Amino acid sequence: MERLKKGRSLMIGCGIILSVVCMVIVFAPKNVSSDITTLGKQTGSATVGFGSATTGGSVAKSSETFVVSNRQQLINALGSKNNVVSKIIYLKGKIDMNENSSGQDYTANDYAKGTNYNFNSYLTTYNPKTYGKKEPSGIQENARLQAQKKQAAQIEINIPANTTLIGEPGAIIVGGNLVVKQNNVIIRNIYFESPYDFFPQWDPLDGSSGNWNSQYDSITVKGAQNVWIDHNTFNDGSHLDSQDGTYFGRDYQHHDGMTNISDGADKITISYNVFENHDKTMLIGSSDSKTSDTGKLHVTLTHNFFENTVQRTPRVRFGEVHVLNNLYENNGSSSYKFQYAWGVGKNSQILAENNVLNIAKVSANSVLSKLGGNQFSDRGTILNGNSVKIAAINKESNISWKPSYFYNLDSSSEVEKKVLSNAGSDVLK
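Numbers 1 to 429, taken from this note's numbering, label the letters of the sequence shown in order.
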C-alpha cells in the first residue's frame, strides 16, 4: 500500500506547462520506449473475460501511431467519432481537459458567461421549502443546463472505433470524460483525475430528501462492444467530495461515476485498475426502464482495487457481470464512507468469486445492496479475514448463467498481494 501511494503522489505533481501549438505530432513506434510500444500492440487476448476479443488499434500502421501531450493533440489524433482506422495513441505527461489554448484552466464563471446562471439565484429559486417537490424548470435551470453544455463541449471526448489509448509512464488525464460509443477500444495505463461538474442539478425527486446530481465520468461506455479497460488509476484528486459542503441538507456532489457502462454496451473487461476516493464508482445499466439492455451488458471485473469507495463497485441493472479476484479496502477513516460493494439492480445477475473485502466495522449483510434485483451468487468471499457467504446471508437467488470463457481463478488468499502489486497505472508489465 505505501509503495503504491507514494508512486501516485509523484505522478500528481509531474504536470508541465504545455505548448500552445496544437499540431498533431506523428511518430513511428521507434520513438516510443520499446516496452510501451509492445504493450500498445497488445490485444484483449492478454486478459480474461467478456472483453478478451478486443483488439483496439493493435494493427495500426506507423502513420496512425501518435504521441500526444495536450488536449488538442489528442482530439486531432483521434479524428472524427466515425473514424474506423486502427490507431494507437500514446499519452505523454499531463493532459488537462479543462485547460484553454493559453494553458489556463476554465472556471465556473467562464462556462456560465452569457447564460445568466447564478448559483445563489439557483438556490433561492429551487429551495424545496418554497419550490416544493417537483422537477426544476424555468430561467435558472435552463441557464444551468446551458453552462453545463458548454463545459461538456470542452471536456467530453469521443473515442472512435479500433483505438488503443495507452499512457507512457506518468501519463495523466485531468478532468476529462472519455466517451466510448464505438466498438473495439482499449484504454490502458492512464491516471485519471475525475471530471468536476461545475453545475450540479438539484433533483428533489431523487430519494426521499432529494439529491444533487452531476454529469461526467472518467470513462463512459455507451452501446459499444469489445472494450478493455486495464491498468488505470481513477481518483477524485484535488476535488474531494468533502470540500463542497451541503445545500438543502444534501452533499453538493460534483462527481458522477468513474467508469459507467450503459445503453446496450457489451463484451467488456475491466482489469487491474485502481478506483479510489470516490462515491458513485461504477454503474452498469442506466435505468430500470431500459429494457433494451436485456441480453447485453456482459462485463468482467478482475483484479481491481477499490480503495475508499462508497458504493457501486459495481451497481448492475440487466447485465450478467462476473466479479472475480478483486480487493476492496476502507479503514473507516476516509471521508468516503463505505455503503455497499455490490448493487443488485433490476434483472441483473452477478457472479462474485474469490473477492477480498477489508472494510472496517462492516457486517456481511452490508456488502450487498438489494436495488430491485435478487439474483446473486458468490463463493470464496473473504470479509475482514473471515469466509462469508454473502448470497445466503442476503437471501439471494442463484444466478442462471455461468461464464462462457476459460479463466484461472486465484485463491482468495492470493488476491490481496497480487492486486496490490499489479493494479493501477505505471505498474503495467
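All residues carry an ideal CB built from backbone N, CA and C; glycine is no exception.
Keep in mind it's a predicted model, so treat the numbers as computed, not measured.
Within 8 Å, do at least three Cβ pairs link the segment 340-356 to the segment 279-289?
Verdict: yes, contact present.
Reducing DSSP to helix, strand and coil, say where residue 416 ends up.
Correct three-state label for residue 416: helix.
Since residue 120 is in the alpha helix (DSSP H), which residue starts that stretch and which ends it?
In the DSSP assignment, residue 120 falls within the unbroken alpha helix (DSSP H) covering 119-126.
For residue 311, name the three-state secondary structure that DSSP assigns.
The three-state secondary structure of residue 311, taken from DSSP, is strand.
Residue 302 and residue 277: beta carbons closer than 9 Å?
The answer is no: Cβ separation not under 9 Å.
Name the residue from 74, 41, 69 and 272 whose alpha carbon lies nearest to the alpha carbon of residue 157.
Closest in C-alpha terms to residue 157, from the list 74, 41, 69 and 272, comes 74.
DSSP three-state call for residue 293: helix, strand or coil?
The three-state secondary structure of residue 293, taken from DSSP, is helix.
Less than 7 Å between C-beta atoms, sequence neighbours within five positions excluded: which residues of the same chain meet that for residue 428?
Closer than 7 Å at the Cβ level, and outside the excluded window around residue 428, lie 39, 188, 189 and 231.
With a 10 Å radius around its C-beta and 16 neighbouring C-beta atoms as the bar for buried, classify residue 107 as buried or exposed.
Around the CB of residue 107, fewer than 16 other CB atoms lie within 10 Å, so the residue is classed as exposed.
Using the Cβ count rule (16 or more neighbours within 10 Å means buried), how would you classify residue 294?
Counting the other CB atoms within 10 Å of its CB gives residue 294 a total below 16, which places it among the exposed residues.
To the nearest angstrom, how far is it from the Cα of residue 193 to the Cα of residue 125?
Going by the C-alpha atoms only, they are around 32 Å apart.
Would you report the Cα separation of residue 22 and residue 171, rounded to the nearest angstrom?
Any reading at residue 22 must be qualified, since the residue scores a pLDDT of 37, below 50, and its modelled position is unreliable; no value is offered.
So which of 46, 41 and 72 has the shortest CA-CA distance to residue 65?
Closest option to residue 65, Cα to Cα, is 41.
Report the residue ranges of all beta strand (DSSP E) runs contained in full by the segment 227-271; include only those spanning at least 3 residues, in chain order.
The segment 227-271 contains these whole beta strand (DSSP E) runs: 233-235, 259-262 and 266-271.
Using a beta-carbon distance below 9 Å, is residue 143 in contact with chain D?
In the structure shown, chain D cannot be found, because there is only a single protein chain.
Residue interval of the beta strand (DSSP E) (run including residue 377)
Going by DSSP, residue 377 is part of the beta strand (DSSP E) stretching over 375-379.
Is the segment 243-255 touching the segment 209-216, taking contact as three or more C-beta pairs under 8 Å?
Because the criterion of three Cβ pairs below 8 Å is met, the segment 243-255 and the segment 209-216 touch.
Per the DSSP calculation, residue 225 is bridged to which residue(s)?
For residue 225, DSSP records a beta bridge to 266.
Where the alpha helix (DSSP H) through residue 279 begins and ends
Per DSSP, residue 279 belongs to no alpha helix (DSSP H); it is in the beta strand (DSSP E), 274-280.
Would residue 382 and residue 412 be called neighbours here (beta carbons separated by less than 9 Å)?
Yes; because the gap between Cβ atoms is below 9 Å, this pair is in contact.
Tell me the DSSP bridge mates of residue 349?
DSSP output for residue 349 lists 320 and 375 as bridge partner(s).
Can you tell me where the alpha helix (DSSP H) holding residue 99 begins and where it ends?
Secondary structure note for residue 99: it is in no alpha helix (DSSP H), with a DSSP letter that is neither H nor E.
What does the alpha-carbon distance come out to for the pair residue 418 and residue 52?
In a straight line, the C-alpha of residue 418 is about 20 Å away from that of residue 52.
At a cut-off of 8 Å, would you count residue 286 as near the ligand NAP, judging by its Cβ distance to the nearest heavy atom?
In terms of ligand content, the structure shown is empty, and the ligand NAP therefore cannot be addressed.
Kindly indicate which three-state DSSP category residue 409 falls into: helix, strand or coil?
Of the three classes helix, strand and coil, the one that applies to residue 409 here is coil, per DSSP.
Classify residue 359 as helix, strand or coil using the three-state DSSP reduction.
For residue 359, the secondary structure class from DSSP, reduced to helix, strand or coil, is strand.
Nonlocal neighbours in the same chain, by C-beta distance under 6 Å from residue 165, ignoring five residues either side
If we look at residue 165 and ignore the five residues flanking it on each side, its Cβ neighbours are 89 and 187.
With a threshold of 6 Å on Cβ separation, who are the neighbours of residue 159 within its own chain once the five nearest residues in sequence on each side are excluded?
Closer than 6 Å at Cβ, skipping near neighbours: 178, 180 and 185.
Roughly how many angstroms lie between the CA atoms of residue 78 and residue 234, to the nearest whole one?
Between residue 78 and residue 234, the alpha-carbon positions lie close to 22 Å from each other.
Please work out which residues of its chain come closer than 7 Å, Cβ to Cβ, to residue 122, disregarding the five sequence neighbours upstream and downstream, and give them in chain order.
The beta carbon of residue 122 lies closer than 7 Å to those of 140 and 144 in the same chain, with the five residues before and after it left out.
Are the beta-carbon atoms of residue 217 and residue 259 separated by less than 9 Å?
Yes, they are a contact pair.
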